[in-house]
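Here's the structure, in structure tokens; my notes come after.
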Amino acid sequence: MISTIVRHEFKGALRDGRFRWAGIIIALLLLAALLAGWSYHREISAQRHHASLAEQERWLAQPEKNPHSAAHYGIYAFKPRLSPALLDPGVEPYAGVTTWMEAHKQNDVLYRPAEDATAAQRFGDLTVALILQLLLPLLIVAVGFSAVTAERERGTLRQISALGLSPTRWLFGKAAGLAAAFALLAVPALLLSGLVLAGLQDAATENAWSRFGLMALLYLVYLGVFLFLTLGVSATVRSSRASLIILLGVWMLNGLLVPRMLSEIAAGRYAIPSVATVKNEIQRRQQNPEYAVRARAIWEPRVIERYGLSGVEELNGLSSRGLSLLRGESAGYLVFDEVYGELHDVIEAQNAYQRARSWIAPLAALQPLSRALAGTDFAHHRHFIESAEAYRRLVQDTLNEDILINDGKQGSGAYLAGAELWAKVPPLVISAPSLGDALRGQAVPLIALAAWFAATLAFFTTAARRLNAL
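Residue numbers (my numbering): 5 to 474.
Shown next as structure tokens:
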């Protein structure tokens, strides 16, 4: 009997003009968003990959020069893009994609895609994530709000009871039938996304399958929340109008109001300092001799051990210019770690505030998880910043220590180095964080989304059991 109900509801949903036409539109939007995301990802990834190779070639092709001149010559780092980012770009359009690595400075990440966006794009790009987060739940509401109330208004529920069919079993069959109908949209979209990922087998697909698999599961859970909520409300209230008003209100709160509200409150509670304030703070701390003292305790033992010196006294036999550069750079490292660390901690505090309140709405729980798995949240951006800075320091230490050892050995003229030294600097490789690292700090949203699913399932089950009394 249940299978008969499932087939009946499935066919009924397919015959429903609301589902048929809205479903076609959403399917076309999903296809367009996926193709646009794939095309953009392929183009951008290729550009960044070729630019990285060109930068490495440019670095190695330098003529003979003083190593400190090479340090100022610098090199660009380009942020790699994970394949799942084509589904959910997250904060990437506003975070920048490249940074210039040179001596004495930790530069900002530049060239935010949003800066080149058209007026229409500033309202938000059409993405697979946006459609699954907002439009597909709206379709579930539009089709399912009257799933039970319409039957009640037509007197069908009395006929079901008169036939001896349990309203509870009937409602579960209706839920399964509608779920199968909506799966015709969601599952092919996810499968097609998987096929697109399979066609992007490049360096950016590192742990992409585990990320995508969990991402797909979370979106199915999220859509399940709306399905159970919609049918539960329809089974509880007396009229289709009341059901529609309630569900549209929930949809607006979930998709439009709550995310914006949490973002604004977090920004007000944890204010991000201006660029000028950050730069001024860096300059102020660089003038504090305490950092030079602390840095000396770090670099002196390292140099003594690396070059087999007997003690601090033997440092005086090395290049004074090299010592000065090591002192200055090492002190700068401490300043940058503190100032930029504090800045990044403020941004992370905003995100943590929102994650801690992700139980307020299903989308508030899904969004941070989706972005973390897509590699487009702030944690991944910070990983790029810190990886690029670690590489910059490797370059500076390599060049400065070469000056420390070799400056003055060529006579009275300026010390020059060549291709042999440039080749000692390895190519920049930024690996993607592991799945565990990506999900670090996401426990509350994960639990919140699971709780929403459990709560709406319990609500639906309770409404189904009480349907006999209506």
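Heads up, the beta-carbon is just placed ideally off N, CA and C, and yes, glycines get one too.
Coarse secondary structure for residue i, derived from DSSP in three states
i	result
Ala458	helix
Gln110	strand
Phe149	coil
Ile79	strand
Thr103	strand
Lys69	strand
Ala421	strand
Arg242	coil
Asn355	helix
Arg444	coil
Arg469	helix
Lys428	coil
Thr380	coil
Gly94	coil
Leu322	coil
Asn292	coil
Ser438	coil
Arg211	Looking at the sequence provided, one finds Asn at residue 211 rather than Arg. DSSP places Asn211 in coil when its eight states are reduced to three.
Arg386	helix
Leu370	helix
Leu313	coil
Arg116	coil
Arg173	helix
Ala299	helix
Reference residue i, options the options, closest by Cα
i	options	result
Tyr419	Gly16, Leu86 and Pro71	Pro71
Met265	Leu233, Leu248, Arg361 and Phe230	Arg361
His76	Pro366, Asn111, His53 and Leu90	Asn111
Ser374	Arg386, Trp213, Ala220 and Val279	Ala220
Lys428	Asp406, Arg444 and Asp441	Asp406
Arg11	Pro171, Glu96, Ala275 and Lys178	Lys178
Tyr395	Ile434, Ala383 and Leu195	Ile434
Ser150	Val262, Ile250 and Trp25	Ile250
Arg288	Phe23, Pro171 and Val339	Val339
Ser267	Ala356, Thr102 and Lys69	Ala356
Asn410	Gly321, Leu453 and Ala383	Gly321
Val95	Thr380, Phe464 and Ala392	Thr380
Ser87	Ile9, Trp213, Leu35 and Leu64	Trp213
Pro449	His387, Phe382, Phe388 and Leu367	Leu367
Ser49	Thr102, Arg24, Pro67 and Gly78	Thr102
Ser278	Ile351, Glu47 and Leu231	Ile351
Asn211	Gln66, Leu443 and Arg470	Leu443
Neighbour flag for residue i against chain B, beta carbons, 9 angstroms
i	result
Pro84	Here there is only one protein chain, and chain B is not present.
Between the CA atoms of residue j and residue i - distance to the nearest angstrom
i	j	result
Thr466	Ala353	39 angstroms
Ala180	Leu439	32 angstroms
Ala423	Ser73	14 angstroms
Glu13	Ile29	21 angstroms
Ala365	Ala455	11 angstroms
His54	Lys83	12 angstroms
Pro192	Pro93	21 angstroms
Gln291	Arg298	14 angstroms
Thr240	Glu155	13 angstroms
Glu285	Val343	7 angstroms
Arg300	Leu330	9 angstroms
Gln137	Gln446	18 angstroms
Ala208	Ala436	Residue confidence is low: Ala208 scores 49 on pLDDT, short of 50, so the model does not pin down where it sits. Its coordinate-derived value is still stated next. Roughly 8 angstroms between the two C-alpha positions.
Gly78	Gln371	37 angstroms
Ser323	Ile451	58 angstroms
Leu231	Leu261	20 angstroms
Leu139	Thr8	29 angstroms
Ser314	Pro305	11 angstroms
Cβ-based burial, residue i [other Cβ within 10 Å; buried from 16]
i	result
Leu57	exposed
Ser334	buried
Tyr337	buried
Ser328	exposed
Asp401	buried
Arg359	buried
Ile144	buried
Ala124	Reliability fails at Ala124, whose pLDDT of 46 lies under 50, so the model's placement of it is uncertain and the value that follows must be treated cautiously. Burial call: exposed.
Gln163	exposed
Tyr311	exposed
Ala392	buried
For residue j and residue i, believed in contact at Cβ under 8 angstroms, the rounded distance
i	j	result
Leu182	Gly159	The Cβ separation is near 21 angstroms, so there is no contact.
Val152	Leu91	That pair is no contact at about 34 angstroms.
Ala202	Ala378	Between Ala378 and Ala202 the Cβ distance is about 17 angstroms, and since that is not below 8 angstroms, they are no contact.
Pro431	Gln51	With 8 angstroms as the limit, Pro431 and Gln51 do not qualify as a contact, their Cβ atoms being about 18 angstroms apart.
Ala185	Leu18	6 angstroms
Pro97	Arg116	7 angstroms
Ala482	Thr172	Within the shown structure, residues of the chain are numbered from 5 to 474, placing residue 482 beyond reach of any answer.
Val282	Leu233	In fact, because the Cβ distance is near 44 angstroms, the residues do not count as touching under 8 angstroms.
Ala26	Ala187	Not confirmed; about 16 angstroms, so no contact.
Val237	Phe457	Not really, about 16 angstroms apart at Cβ, beyond 8 angstroms.
Closer than 8 angstroms: residue i CB and nearest the ligand FAD heavy atom
i	result
Glu405	The ligand FAD is not part of the structure shown, which contains no ligands of any sort.
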